[in-house]
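To start, the structure itself, in structure tokens.
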Amino acid sequence: MKPISLRIPIAVSDAYYYMGKLFILTEDRHLKMITHKQIFQKYLYSTDVEKNAFLDKVLFNNDQLYSQYTMRNKRDLREDFNSLWKKSSDKFFEFEINTDDFITICKLPDKEALDFIIYSERAFIGNRDGLYECKMIIEGDKVTAINRKFNKIFDSKSININPRVGRLLVSTKEDGLFAGSMSYSGGVHIEEKPIESQSVRTGWANYDFINYKSSTEANFFINKTEEDNTTEARNFSIEDGSNSNRKITTIGVEQRNLTQKIQNAVADQHIIYSFNSLTKSFVVTEDGKIYHSNLQDDERNGFEYKGYTALKAVNFNINKLGYPLSAYTIGAGGTLYEFFDNVILVKNGYSQQISDIECKQIKTFPSSKWFKNIAMMISESYLEIHSIYPF
């Protein structure tokens, strides 16, 4: 099934979904937001009650979608859902949002954002000057910045920000990979010493993580964890879309060469891009093939990559598309691959183009309960929101 897609003509440098709200970084250097209720009621609402309820779930409240079990065993419900999906995915929903509908939260740092993410009621921006934090109070539809500005919390050029279960990984390219910790009510502390000397991005693998030194070169880091039943840990787990009750006590207690493991597993193939989800590893080869492997949980050895398998029905035309620029996982079970002016979804062994814009940023929310099937794409002229078929 094709995605259900929204296209909003608007000039933003980045955007993020968080707690039922769309946050944007505007050209006039401000963090602003609009609730999904406002978007829906003013720009998507129709006289068709059934369609309204359907769109609200698939675009803004993925936690209210039917379970896989229900969809398999209730034929009438499945047919009704699929019929609504097909009708809604036949065209782009394109509309302009009145800029007056956005609420200004605070002023942005001077330099352009290289990465932007919201976690634990904090907006994080990484740019050439460092890492900045704007701590917010979110009460229903009301959002207030505590200090009305972004405060610098780290000095190195920050190109990738990746939080999970109360920890923060910051990639700075030549300065390396840095780890931070945060308390739900307190501040963020970034360690002075890098974990590794080179980092372009990171990927969490359950409670462990992978540092990518380049598009293909990576190391696997094992963290020490322990059971944690405190209220604070549950707050972080809920924001991660997880019911787990463990916390990380020590970052990177063991390091393993992941590049060598991948090369050994995918013999005689030239790898051009690698990335991971929480439970799987993916690699793209020069001949356009995609290989994937499960992360096997071994209590003695931690997470290991085992048994790469090629997706037989998918083969990218690398000569036409070029090398992948980035890749992302979707909670609905798919992966997104960004090329120069093409974003391709691979799901259930098949591929389809879902956007032809030249993206500045792509966001997915695979750990979220509310936006797990959502992909957000930002170009110079558009903000696109795509809901991926969840079954």
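Adding 9 to a residue's 1-based position in the sequence shown gives its number in this note's numbering.
Virtual Cβ for every residue (Gly too), placed ideally from N, Cα, C.
Cα separation between K41 and D277?
49 Å
Using a 10 Å radius around the Cβ and a threshold of 16 neighbouring Cβ atoms, would you call H279 buried or exposed?
exposed
According to DSSP, R210 sits in a beta bridge with which residue or residues?
Y221
Residues bridged to L140 [DSSP beta-bridge criterion]
G135, F163
Would you kindly work out how many angstroms separate the C-alpha atoms of G297 and N285, rounded to a whole number?
17 Å
Should M145 go down as buried or exposed, given a rule of 16 or more other Cβ atoms within 10 Å for buried?
buried
Taking the alpha-carbon positions, what's the F32 to N273 distance?
43 Å
Give the DSSP-derived three-state secondary structure of A384 in the structure shown.
strand
Looking only at its own chain, which residues have a Cβ that is under 8 Å from the Cβ of I327, when we skip the five neighbours before and after it?
I281, E295, D296, G297
Rounded to whole angstroms, what is the Cα-Cα separation between N136 and D164?
10 Å
Alpha carbon of F374 to alpha carbon of I383, nearest angstrom:
7 Å
Collapsed DSSP secondary structure at T108 in the structure displayed
helix
Three-state secondary structure (DSSP) of A274
helix
Entirely within the segment 293-380 and at least 4 residues each: give me those alpha helix (DSSP H) ranges in chain order.
327-330
Looking only at DSSP bridge pairs, what is K158 linked to?
K116
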